[in-house]
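Chains as they are written, first to last, in numbering that gives the first Met the number 0: chain A, 0 to 270; chain B, 0 to 265; chain C, 0 to 326.
Positions of the beta carbon are idealized from the N, C-alpha and C atoms, including for glycine.
Accompanying notes for the structure given below.
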Amino acid sequence: MRVNHFLKEMKRYLRLFGVFAKFSLMSQLEYRANFVAGVAVELGWMLIKLIYVAVVYRAGVNIGILTPDHIMLFVGIYVMMTGFYMFYYPNFVSLSSLVREGGLDLHIVKPVSLQFLVTLRQLDFGMFLADFVAGVIMIVLGWQRAGLPVNFVSVVGFIFLIICANLLTYSMFLIPHLLCFWIVSTKGVADLTAALWDFNNMPQLIYGKWMQRIGTFILPVFVITNFPGLFVMGELSAGMMVWAVAAPVLFFFIARAVWKCAVRNYSSASS
Amino acid sequence: MNPYRCVFQMGMEKSLEYRANFFLSLLSTVFQIIMQVFLWNYLYGNSDAGAVTGYTYSQIMVYTLLAAMVSKLVSTGFEYEVNEDIKNGGLNKYLVRPVHYMSYRYFSFLGEKIPQLMLLLLIAAALVTFSVLRLGLVLSIGRILVFLAALVLGITLNFFLFYCVALISFWLTDVNLMFGTVSVVIVVISGGIFPMDIFGEKFAFVMGLLPFGYTTQFPSNIINGRFDTVQIATGLLCQLFWIVLLFFAGKVMWKRGLHRFAAVGG
Amino acid sequence: MEIIKVEHLKKEFTYYKKAGGLKGSFQNLFHREALVKEAVKDVSFSVEKGEIIGLLGPNGAGKTTTLKMLSGILYPTAGNVDIDGFVPWERKNEFKRRFSIVMGQKNQLWWDLPACDSFYLNKCIYDVDDMEYKKTVEELAELLDVKDLMNVQVRRLSLGERMKMEILAALIHKPEILFLDEPTIGLDIISQQKIRDFLHFYNEQKKTTIILTSHYMRDIEALCSRAVIINQGQLVYDGQLEDINHLMGDKKLLTIKCNANADPELLSAYGKVREIKGSEVVLEVSKGKLKETASGILANLPVEDFNVTEVPLEESIALIFQKEVAS
Numbered sequence: 000m001r002v003n004h005f006l007k008e009m010k011r012y013l014r015l016f017g018v019f020a021k022f023s024l025m026s027q028l029e030y031r032a033n034f035v036a037g038v039a040v041e042l043g044w045m046l047i048k049l050i051y052v053a054v055v056y057r058a059g060v061n062i063g064i065l066t067p068d069h070i071m072l073f074v075g076i077y078v079m080m081t082g083f084y085m086f087y088y089p090n091f092v093s094l095s096s097l098v099r100e101g102g103l104d105l106h107i108v109k110p111v112s113l114q115f116l117v118t119l120r121q122l123d124f125g126m127f128l129a130d131f132v133a134g135v136i137m138i139v140l141g142w143q144r145a146g147l148p149v150n151f152v153s154v155v156g157f158i159f160l161i162i163c164a165n166l167l168t169y170s171m172f173l174i175p176h177l178l179c180f181w182i183v184s185t186k187g188v189a190d191l192t193a194a195l196w197d198f199n200n201m202p203q204l205i206y207g208k209w210m211q212r213i214g215t216f217i218l219p220v221f222v223i224t225n226f227p228g229l230f231v232m233g234e235l236s237a238g239m240m241v242w243a244v245a246a247p248v249l250f251f252f253i254a255r256a257v258w259k260c261a262v263r264n265y266s267s268a269s270s
Numbered sequence: 000m001n002p003y004r005c006v007f008q009m010g011m012e013k014s015l016e017y018r019a020n021f022f023l024s025l026l027s028t029v030f031q032i033i034m035q036v037f038l039w040n041y042l043y044g045n046s047d048a049g050a051v052t053g054y055t056y057s058q059i060m061v062y063t064l065l066a067a068m069v070s071k072l073v074s075t076g077f078e079y080e081v082n083e084d085i086k087n088g089g090l091n092k093y094l095v096r097p098v099h100y101m102s103y104r105y106f107s108f109l110g111e112k113i114p115q116l117m118l119l120l121l122i123a124a125a126l127v128t129f130s131v132l133r134l135g136l137v138l139s140i141g142r143i144l145v146f147l148a149a150l151v152l153g154i155t156l157n158f159f160l161f162y163c164v165a166l167i168s169f170w171l172t173d174v175n176l177m178f179g180t181v182s183v184v185i186v187v188i189s190g191g192i193f194p195m196d197i198f199g200e201k202f203a204f205v206m207g208l209l210p211f212g213y214t215t216q217f218p219s220n221i222i223n224g225r226f227d228t229v230q231i232a233t234g235l236l237c238q239l240f241w242i243v244l245l246f247f248a249g250k251v252m253w254k255r256g257l258h259r260f261a262a263v264g265g
Numbered sequence: 000m001e002i003i004k005v006e007h008l009k010k011e012f013t014y015y016k017k018a019g020g021l022k023g024s025f026q027n028l029f030h031r032e033a034l035v036k037e038a039v040k041d042v043s044f045s046v047e048k049g050e051i052i053g054l055l056g057p058n059g060a061g062k063t064t065t066l067k068m069l070s071g072i073l074y075p076t077a078g079n080v081d082i083d084g085f086v087p088w089e090r091k092n093e094f095k096r097r098f099s100i101v102m103g104q105k106n107q108l109w110w111d112l113p114a115c116d117s118f119y120l121n122k123c124i125y126d127v128d129d130m131e132y133k134k135t136v137e138e139l140a141e142l143l144d145v146k147d148l149m150n151v152q153v154r155r156l157s158l159g160e161r162m163k164m165e166i167l168a169a170l171i172h173k174p175e176i177l178f179l180d181e182p183t184i185g186l187d188i189i190s191q192q193k194i195r196d197f198l199h200f201y202n203e204q205k206k207t208t209i210i211l212t213s214h215y216m217r218d219i220e221a222l223c224s225r226a227v228i229i230n231q232g233q234l235v236y237d238g239q240l241e242d243i244n245h246l247m248g249d250k251k252l253l254t255i256k257c258n259a260n261a262d263p264e265l266l267s268a269y270g271k272v273r274e275i276k277g278s279e280v281v282l283e284v285s286k287g288k289l290k291e292t293a294s295g296i297l298a299n300l301p302v303e304d305f306n307v308t309e310v311p312l313e314e315s316i317a318l319i320f321q322k323e324v325a326s
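Encoded structure:
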């Protein structure tokens, strides 16, 4: 009975997400020039990401166990994850105006999860597609050139870890934006977290020991792009595997708790 | 008061008003520098990277610390305003006044740069001192003066570069959608992330023929002591050459564009 | 049967005082003076099923805040609300499916898409059956006269058309209760009339309970037989609309523009002179005598322009408020 209900709800949310995706795409195609510009800007930024790979290839050195081909794989994961993040990022940005101008009111009264409705409503296809396609190409290229195994376990495990990484990205990067329920300008915090994200442009192995620890356990940005790659290489220890799954769950619950607190504050403090 | 001095002051006020934004953008620059320092540390520590890049360890470190700052300093932002002026007819208010649009933009831009320049030079001074003490950088007063001259020329050169890009708005009003991409690409090929000459001599040669490297890479490498007197003189002349060329290109574009602007009715 | 019961509803919120200038900003960093504002003080009323009532009051009276508490958007500081057995701010989905809220100044439609897409989204959100959804939309579009506009992007619609679409979107799931917050604000007279007619008809047909806030007296007059008036967060009147008109003294305002400067003495014979601005005079006349007075003025004075208006609502409310205090 409960399982049935859960599946039904799941189906409903997936369907809603599909409708959001369709509507977002339709809206964006209304402004084709902006759409193309979004893709172009993302491609411009990609040049910066790629030039790091170019430097590594040029130097022709391994970073620890990583050959330049492995690094291509890692940067590919980073690019693809950026695409996923950018897919729903516009919602995070518009959160503060939604709170300030009271647009949240009309969402609260709807019989679906408010967090779902508010954080996954507008989806940006331009940026997503540019990064996703480029990321996949780099992943495939790096995977192949490094001679990594292509079998059921590695592929399915990789995809599973990418899903976990998405949950972690969503949760971890939502939290700073939730500050907008309490303070007026969140631009500073948002910019700071965006800058943190860019540390993933290079594999964590280039950083010092302490930075790696902080980036793995306290602000686990490195988990997002390094773990799927390390897994495919067979270099992810069992303990880290557990953390790869536990961190997203943990951060999701933290984000959920902060969200609830934020909405409670909204409902009692505004008029 | 001289109108351009007034414009210059307005630019300065604007820049001070948006200083929070500037500090934040500086922060992401710092993160980028940290990442690059780690990368170079690793590469130089574990291989003969110097032979490949042609930079010694201390040179590449000085470059990393300095180029990001220089890149920030030469960066523009007025292209959006120019586009707006052309698109929405805001240009008319300049046309009826006894000011020249290019000069107006230039002095406003310089005004915006001065407060940033003060701060960044302070940071750069600290970084250079650090480099002298820890990275064995050898420096002379003369070289610092040449660097400052090259920096001012670089700022001016980048101004004219983006002024020309901005004037494309006369023909393509939606070109502003491309400004973001253009500036990212230009930052990269100007050497704002990595020096372009590490990618080989052919590449360096092509870059030498283009104006971009003279905005960021050239001034940064003066401090590095990678150039002898002849090379510095040549570089400065190249900067001047490009400034003059782009100045005239801007003049021509402005004249033609204005013709079109008047014909369309603004 | 009572479907909505509001008891001693109260809402306070704190805000911070800020002195101007940079100095003020610095002081704010260390010490902020908290001020409490009571948006709604002590409001109680109840609504019968199928009833349509008007929630009236001047700007800032607490109308919108009350509606927001009724729909569960805000938590009250104190008091109870019972809507069909639910407490709104528990936000149970079952409750959310039973009502709808339309706010005149906010839109829920997707700006760049035709309105029918937003309707479809609501169908998915509220889990409405396909057949039923089609029937509802067709029927409502017919009634609201927007059939031809279904495939036009919302941003291309006029304000009146958009409001109709907003109302349509709110009715997709056939709510039993409908809250309307200033649904006619900023609309032209004809659009206002059309929306009023629609709401009247819809309420008669579906027996939907409606609470309407507006500061246009006409809206309330046309739709509601009962009005609840709040002023400064306090309930000042709850009763039949006819009785308010009576309470207000059945007065109308006559604005006359003469081609010469008016003589107040001459005019005061026709009614109480309220205001004189050069050649423009405002007279207060009782409703019953309006026709008589008007024809008298037109016959005897050099009138250029002539206009009849209601006594402003704010004023009438102030009147009611004074009477409440006096008694």
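The residues Leu-113, in chain order, have a CB closer than 7 angstroms to that of Val-262/A in the same chain once the five nearest residues on each side in sequence are set aside.
Counting along the chain, no alpha helix (DSSP H) covers Gln-233/C; the unbroken beta strand (DSSP E) around it starts and ends at 233-239. Per the DSSP secondary-structure output, Asp-147/C pairs with nothing in a beta bridge.
Taking C-beta atoms as the reference points, Pro-175/A and Thr-192/A count as a pair closer than 7 angstroms.
Tyr-15/C carries a strand assignment under DSSP once its states are collapsed to helix, strand and coil.
Within the segment 167-221 of chain B, the runs of alpha helix (DSSP H) at least 4 residues long that lie entirely inside it are, in chain order, 175-188, 200-208. Counting only runs that start and end inside the segment 35-110 of chain C, the alpha helix (DSSP H) elements of at least 4 residues fall at 62-69, 92-95.
Contact check for Val-39/C against Thr-13/C fails: the beta carbons are separated by 7 angstroms or more. Boundaries cannot be given for Lys-286/C, as no alpha helix (DSSP H) includes it and DSSP labels it neither H nor E.
Using a CB distance below 8 angstroms, no part of the segment 73-84 of chain A faces chain C.
A check of alpha carbon separations from Pro-2/B across Ile-85/B, Val-73/B, Leu-15/B, Val-98/B identifies Val-98/B as the nearest. With contacts defined as CB atoms closer than 7 angstroms, Val-186/B and Ser-70/B qualify as a contacting pair. Contact between Leu-97/A and Val-117/A holds, with the beta-carbon distance rounding to 7 angstroms and staying under 8 angstroms. Take the alpha-carbon of His-214/C and the one of Ile-52/C: they are about 13 angstroms apart. Contact between the segment 95-114 of chain C and the segment 161-172 of chain C is established, with three or more Cβ pairs separated by less than 8 angstroms. Assignment of Gln-31/B by DSSP, reduced to helix, strand and coil, places it in the helix class.
Residue environment: Gln-204/C is assigned as exposed (fewer than 16 neighbouring CB atoms within 10 Å of its CB, all protein chains considered).
Counting only the Cα atoms, Gly-125/A lies some 37 angstroms from Glu-12/B. In this structure, the straight-line span from the alpha carbon of Lys-62/C to that of Gly-49/C is close to 21 angstroms. Here the alpha carbons of Asp-180/C and Gly-238/C stand approximately 20 angstroms from one another.
For Leu-94/B, the enclosing alpha helix (DSSP H) starts and ends at 91-94. Listed in chain order, the alpha helix (DSSP H) elements of length 4 or more contained wholly in the segment 174-212 of chain A are 186-196, 208-212.
A straight-line Cα-Cα distance of about 24 angstroms links Ser-182/B and Gly-89/B. Residues Ala-165, Ser-168, Thr-172, Val-174, Asn-175, Phe-178 of the same chain have their beta carbon placed closer than 8 angstroms to that of Asn-82/B, with the five preceding and five following residues left out of the count. With contacts defined by Cβ atoms closer than 7 angstroms, Lys-256/C and Val-284/C do not form a contacting pair.
In the assembly as shown, Gln-216/B is a buried residue. Its beta-carbon has 16 or more other beta-carbons within 10 Å. The contact set of Asn-200/A on chain B, defined by CB atoms closer than 7 angstroms, consists of Met-34 in chain order. Within the model, the alpha-carbon separation for Ser-107/B versus Phe-240/B is close to 23 angstroms. Annotation: Glu-181/C is outside any alpha helix (DSSP H) and is labelled neither H nor E by DSSP.
Exclusion of the five residues before and after Leu-222/C leaves Ile-51, Gly-53, Arg-195, Leu-198, His-199, Asn-202, Ile-209, Leu-211 as the residues of its chain whose Cβ lies within less than 8 angstroms of its Cβ. Within the same chain, and ignoring the five residues on either side of Ile-176/C in sequence, the residues whose Cβ sits closer than 8 angstroms to its Cβ are Ile-2, Ile-3, Ile-82, Asp-83, Arg-97, Phe-98, Ser-99, Thr-207, Thr-208, Ile-209, Ile-210.
Neighbourhood of Asp-130/A in chain B, by CB distance below 8 angstroms: empty, with the nearest CB roughly 14 angstroms away. When C-alpha distances from Val-60/A are compared across Val-51/B, Ala-66/B, Gln-58/B, the shortest belongs to Val-51/B.
Taking CB atoms only, Ile-167/B has no neighbour in chain A less than 7 angstroms away. Bounds of the alpha helix (DSSP H) holding Asp-218/C are 216-222.
By the Cβ rule, the segment 208-223 of chain B does not count as touching the segment 103-117 of chain B, because fewer than three pairs are nearer than 8 angstroms.
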